[in-house]
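Here the structure comes first, spelled out in structure tokens, and everything after it is commentary.
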Amino acid sequence: MKIALVAGGYVPAPPLSNSILTLIQEYKYFLDNIGHQVDIFNYKDVNEVIDKINNNNYDFVHLHAYQFVSQFNQSLKQKYCFSCHNGYFLKEDKWEEDFKQGFQHFLSIPGIIALSQVTKNFFLQTGYSGYISVQVNGIDTQKVNFQEQGNNKAICLGWIQPRKQQKILAQIIDGKLEIDFVGPVDDPDFVEGSTTKHLGVWSLKQVYSQLTNYSCLVLISDGEVAPLVVLEAMAAGLCVVVSESASANLHSKDFIRVLPDDILTNATTENQKIVCDAIIDLIDKNKYVRQEIVEYVRANFDFSHITKNYIQMIDEFNNFYI
Numbered sequence: 614m615k616i617a618l619v620a621g622g623y624v625p626a627p628p629l630s631n632s633i634l635t636l637i638q639e640y641k642y643f644l645d646n647i648g649h650q651v652d653i654f655n656y657k658d659v660n661e662v663i664d665k666i667n668n669n670n671y672d673f674v675h676l677h678a679y680q681f682v683s684q685f686n687q688s689l690k691q692k693y694c695f696s697c698h699n700g701y702f703l704k705e706d707k708w709e710e711d712f713k714q715g716f717q718h719f720l721s722i723p724g725i726i727a728l729s730q731v732t733k734n735f736f737l738q739t740g741y742s743g744y745i746s747v748q749v750n751g752i753d754t755q756k757v758n759f760q761e762q763g764n765n766k767a768i769c770l771g772w773i774q775p776r777k778q779q780k781i782l783a784q785i786i787d788g789k790l791e792i793d794f795v796g797p798v799d800d801p802d803f804v805e806g807s808t809t810k811h812l813g814v815w816s817l818k819q820v821y822s823q824l825t826n827y828s829c830l831v832l833i834s835d836g837e838v839a840p841l842v843v844l845e846a847m848a849a850g851l852c853v854v855v856s857e858s859a860s861a862n863l864h865s866k867d868f869i870r871v872l873p874d875d876i877l878t879n880a881t882t883e884n885q886k887i888v889c890d891a892i893i894d895l896i897d898k899n900k901y902v903r904q905e906i907v908e909y910v911r912a913n914f915d916f917s918h919i920t921k922n923y924i925q926m927i928d929e930f931n932n933f934y935i
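The opening position of the sequence shown corresponds to residue 614 in the working numbering, with each subsequent residue numbered one higher.
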């Protein structure tokens with residue numbers, strides 16, 4: 614099959630990476646390897662993208678940029694599928710104006726590839742009636758370095774911004790346990806403490822290489838869809854402490870701890886203790902379950918498995934409109 618994967622034109626400046634682009638590039642690698650032809654379009658000019666697709670006879674088009682939906686609905690000559698990666702997608706009260714305006718066009722999209730069952734349910738509740746299926750995000754576990762033991766420290770990896778609440782996390786944890794923060798700082802109120810250190814920005818290569826040094830990933834965000842960083846951490850052998858928003862597609866496991874989205878903003882003494890105790894507990898537990906964690910990710914999220922479901926979904930979508 615000839616497949617087009619479409620991003621929104623964002624090109625991260627090194628050493629930054631972008632999870633959507635990482636995901637798309639992995640799909641291309643695995644699909645190309647089993648005989649398909651995959652082209653990636655990552656332009657800011659939606660009309661340029663549409664012209665190239667309209668003139669090249671693709672069997673399947675998968676859009677990953679919500680800002681292109683309206684124009685795709687109007688001008689693309691074939692039916693296409695869309696995945697929404699907006700972190701606040703499931704929280705309408707936090708939608709920015711451009712997303713509010715764009716959402717009205719989502720109900721006219723021919724096909725939706727939802728990144729979790731919760732996302733699929735949300736689309737159905739809003740009245741969507743086209744083709745819809747669930748495809749979890751994946752990871753190439755072979756790329757991620759794994760070592761048998763971690764360093765008994767936690768890490769918070771990703772953009773440091775209000776949505777991800779690292780500022781509050783650092784304040785609560787400081788002096789109680791060691792946690793390193795890695796990522797660009799987009800929150801002027803974030804400050805380091807005695808045991809909460811900012812290590813700068815890692816490239817994707819550094820993430821895959823160095824994440825395994827740690828024992829636990831912490832992501833207590835109040836808005837996520839299906840964060841790739843959680844899969845990266847588990848592929849490296851880390852336990853994870855995540856908010857409910859960041860727990861999409863995860864199963865009930867001893868090495869996964871899910872906390873309420875508002876546990877940091879509602880920072881009572883009891884809640885602060887719950888957060889600290891959860892991280893300390895999983896750092897300790899990590900000594901005994903690292904190999905089990907990696908096997909769990911390989912079985913449920915490795916691209917070698919989820920690519921098969923993706924191909925089946927393409928066939929279902931194409932048959933849906935026959």
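Where a beta carbon is used, it is the ideal one built from N, C-alpha and C, also for glycine.
- Rounded to the nearest whole angstrom, the C-alpha separation of proline 797 and leucine 812 is 10 Å.
- Closest option to aspartate 875, judged by alpha-carbon separation, among Asp835, Asn765, Gln885: Asp835.
- By the CB criterion at 8 Å, cysteine 694 and phenylalanine 930 fall inside the cutoff.
- Here histidine 918 is exposed, its C-beta having fewer than 16 other C-beta atoms within 10 Å.
- Annotated three-state conformation of isoleucine 745 is strand, per DSSP.
- When beta bridges are read from the DSSP output, arginine 870 appears opposite Val854.
- The shortest CA-to-CA distance from phenylalanine 716 to any of Ser729, Gln691, Asn686 is the one to Asn686.
- The alpha-carbon of glycine 806 is positioned some 11 Å away from that of lysine 780.
- No Cβ-Cβ contact shorter than 8 Å links isoleucine 792 with isoleucine 773.
- Linking isoleucine 893 to leucine 737 through their CA atoms gives a straight-line distance of about 39 Å.
- No residue range can be given for histidine 718, since it is assigned to no alpha helix (DSSP H) and is classified by DSSP as neither H nor E.
- Between aspartate 802 and leucine 877, the alpha-carbon positions lie close to 15 Å from each other.
- Taking a 10 Å sphere around the C-beta of glutamine 650, we find fewer than 16 other C-beta atoms and assign the residue as exposed.
- Beyond the five residues adjoining it in sequence on each side, isoleucine 663 comes within less than 6 Å, by CB distance, of Ser688, Leu689 in the same chain, given in chain order.
- A contact between stretches requires three or more CB pairs, one per stretch, nearer than 8 Å, and the region 734–752 fails this requirement with the region 814–822.
- Taking C-beta separations shorter than 8 Å and ignoring five residues to either side along the sequence, the partners of serine 828 in its chain run Gly763, Asn764, Asn765, Lys766, Ala767, Leu851, Cys852, Leu895, Ile896, Asn899, Lys900, following chain order.
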